[in-house]
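**Q** In the numbering used here, the protein residues as written are 148 to 537.
1) Please go through the same chain and pick out, in chain order, the residues whose beta-carbon is closer than 8 angstroms to the beta-carbon of residue 531, but skip the five residues on each side of it.
2) Note the first and the last residue of the continuous beta strand (DSSP E) segment covering residue 438.
3) Would you mind giving the Cβ-Cβ distance between residue 328 and residue 281, rounded to the nearest angstrom? I have them listed as a contact below 8 angstroms.
4) Pull up the distance between the alpha-carbon of residue 289 and that of residue 309, whole angstroms please.
5) Hey, residue 429 and residue 222: beta-carbon distance below 8 angstroms or not?
6) According to DSSP, simplified to helix, strand and coil, what is residue 522?
7) I'd like the ranges of any beta strand (DSSP E) spanning at least 3 consecutive residues and lying wholly in the stretch 362-398.
8) Would you kindly check if the distance between the Cβ of residue 418 and the Cβ of residue 405 is under 8 angstroms?
9) Going by other Cβ atoms of all chains shown within 10 Å of its Cβ, with 16 needed for buried, is residue 275 buried or exposed?
10) What did DSSP end up calling residue 411 once you bin it into helix, strand or coil?
11) What first and last residue would you give for the alpha helix (DSSP H) that runs through residue 198?
12) Distance check for residue 356 and residue 346, CA to CA, integer angstroms please.
13) Hey, residue 111 and residue 336: beta-carbon distance below 8 angstroms or not?
14) Identify, in the order they occur along the chain, each residue of the same chain with its Cβ nearer than 6 angstroms to the Cβ of residue 396, setting aside the five sequence neighbours on each side.
15) On a CA-only basis, which of 338, 284 and 488 is nearest residue 201? Give me that one, please.
16) Roughly how many whole angstroms lie between the Cα atoms of residue 415 and residue 311?
17) If the criterion is Cβ atoms closer than 8 angstroms, does the pair residue 263 and residue 237 meet it?
18) Residues bridged to residue 426 by DSSP?
19) What's the C-alpha gap between residue 322 and residue 268?
20) Apply the 10 Å Cβ neighbour rule to residue 519 and answer buried if 16 or more other Cβ atoms are within range, or exposed otherwise.
21) Report all residues from its chain with a CB closer than 7 angstroms to the CB of residue 392; omit the five preceding and five following residues, and keep chain order.
22) To the nearest angstrom, report how far apart residue 534 and residue 360 are at their CA atoms.
23) For residue 320, which residues does DSSP report across the bridge?
24) Quick check: the stretch 487-495 against the stretch 505-515, are there 3 or more CB pairs under 8 angstroms?
25) Verify the CB distance criterion: does residue 417 have a CB-CB separation below 8 angstroms to chain C?
26) State whether the stretch 435-443 contacts the stretch 185-205, with contact taken as three or more CB pairs (one from each stretch) at a distance under 8 angstroms.
27) Buried or exposed: residue 209, going by 16 or more other Cβ atoms within 10 Å of its Cβ?
28) Classify residue 240: buried if its beta carbon has 16 or more other beta carbons within 10 angstroms, exposed otherwise.
29) Out of curiosity, what's the CA-to-CA distance linking residue 227 and residue 297?
30) Have a look at the DSSP bridge pairing and note the partners of residue 331.
31) Nearest-angstrom Cα distance between residue 229 and residue 180?
32) For a quick check, are the C-beta atoms of residue 486 and residue 504 less than 8 angstroms apart?
33) Please classify residue 163: does DSSP put it in a helix, a strand, or coil?
34) I'd like the list of long-range same chain contacts for residue 521, defined as Cβ closer than 6 angstroms, with 5 residues on each side in sequence excluded.
35) Closest by CA to residue 182, which one among 279, 339 and 306?
36) What residues in its chain sit with their C-beta under 7 angstroms from that of residue 399, if we drop five residues either side in the sequence?
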């Protein structure tokens with residue numbers, strides 16, 4: 148069954164009928180093309196009937212165009228998301244389901260705190276799973292022309308799950324089509340679902356063992372390296388080659404030590420650890436973290452560096468680390484000033500991914516290049532000083 152499901156998802160991603168690919172066309176005609184594709188993939192009448200009743204949800208489109216959370220800084224976002232409730236209940240769930248978490252690490256190599264952190268951030272351990280009708284959400288986003296390539300490949304897997312009885316036709320979840328206690332997309336449930344409690348079905352909405360093991364299977368499938376770290380808070384010196392920092396620039400730990408980077412408590416770094424990048428989410432005067440290859444798996448879950456650093460840091464907290472030191476970051480740019488900076492960067496030939504006021508990876512890369520050109524510390528953190536120099 149898993150092999151068939153994987154082949155189905157791969158086939159759908161590789162080639163789509165032209166009639167079903169066209170976004171923004173007449174919705175009824177679009178659904179007819181989608182139904183033909185689903186039928187060809189083996190979806191039966193139960194799934195096709197569900198598709199026939201699917202509707203455009205304007206609330207979904209409104210959410211898709213108003214993701215203000217990504218304009219928050221790392222300190223703001225993590226301060227709100229890593230709260231006492233999640234820390235307390237995370238520890239309690241790690242204890243309550245210790246046997247299942249041990250199985251997850253044994254079978255998939257993913258530590259319990261990593262799974263528990265996603266469980267906490269996504270739905271507060273199942274308490275808030277979303278109130279959007281998932282099929283409506285996915286057909287809305289798949290038919291819309293903003294990002295159809297992300298959502299069209301999820302429609303037939305969802306119809307397959309409905310057709311098999313794994314999910315009801317009116318299943319509810321998040322506005323972007325995620326389902327269950329760790330908010331997984333239908334293709335992951337179809338291909339990575341694990342029956343953790345042995346009742347003969349995969350239930351990522353109600354069964355904690357199914358949630359834990361399915362989440363572990365998904366994380367492992369993205370390339371998680373068993374036994375390796377994902378993040379470590381560090382202390383950085385006042386001066387070092389800041390242009391060498393950044394998540395993608397993986398260097399030996401010995402090199403970071405040579406430049407004066409230490410553990411948070413000032414003790415030497417563990418030279419036996421794998422290569423790591425130095426993430427400075429709010430510049431060289433803000434919090435600092437060594438991030439390893441396993442951290443990159445977080446970006447397979449969510450493309451926001453603010454979210455992923457928060458999720459990874461919450462996992463370290465659940466594993467016993469103290470609250471990170473915010474230090475004293477320089478004032479950053481937000482809202483209209485960030486948009487103004489992006490306009491100036493674009494005028495200089497940089498691709499910032501759009502004038503949206505969001506500090507994404509492309510904007511950070513452009514900021515770093517301009518900082519090097521001007522002679523400012525190349526830490527990727529946009530400041531009023533940089534804007535003034537441009």
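Virtual Cβ for every residue (Gly too), placed ideally from N, Cα, C. Note that the structure is predicted; figures quoted are calculated from it, not measured.
**A** Considering the structure as presented:
1) 478, 480 and 484.
2) 436-438
3) The pair is not a contact, with the Cβ atoms about 14 angstroms apart (cut-off 8 angstroms).
4) Approximately 18 angstroms between the Cα atoms of the pair.
5) yes
6) coil
7) 378-382 and 393-398
8) Taking C-beta atoms as the reference points, residue 405 and residue 418 fail to come closer than 8 angstroms.
9) exposed
10) coil
11) 192-199
12) A straight line joining the alpha-carbon of residue 346 with that of residue 356 spans about 11 angstroms.
13) Residue 111 lies beyond the range of the chain shown here (148 to 537); nothing can be said about it.
14) 424
15) 284
16) Approximately 55 angstroms between the Cα atoms of the pair.
17) Yes, these two residues count as a Cβ contact at 8 angstroms.
18) 436
19) 16 angstroms
20) Per the 10 Å Cβ criterion, exposed.
21) 425, 427 and 526
22) 47 angstroms
23) 279
24) yes
25) Reference to chain C is not applicable here, since this structure consists of a single protein chain.
26) Contact fails: fewer than three Cβ-Cβ distances are below 8 angstroms.
27) exposed
28) buried
29) 28 angstroms
30) Partner residues in the beta bridge of residue 331, as assigned by DSSP, are 326.
31) 44 angstroms
32) yes
33) Because residue 163 carries a pLDDT of 47, less than 50, the predicted location of this residue cannot be relied on, and no value is offered for it.
34) If you ignore the 5 residues before and after residue 521, its C-beta comes within less than 6 angstroms of the C-beta of 536, all in its own chain and listed in chain order.
35) Residue 182 has its Cα closest to that of 306, out of 279, 339 and 306.
36) So the list reads 422, once near-sequence residues are dropped.
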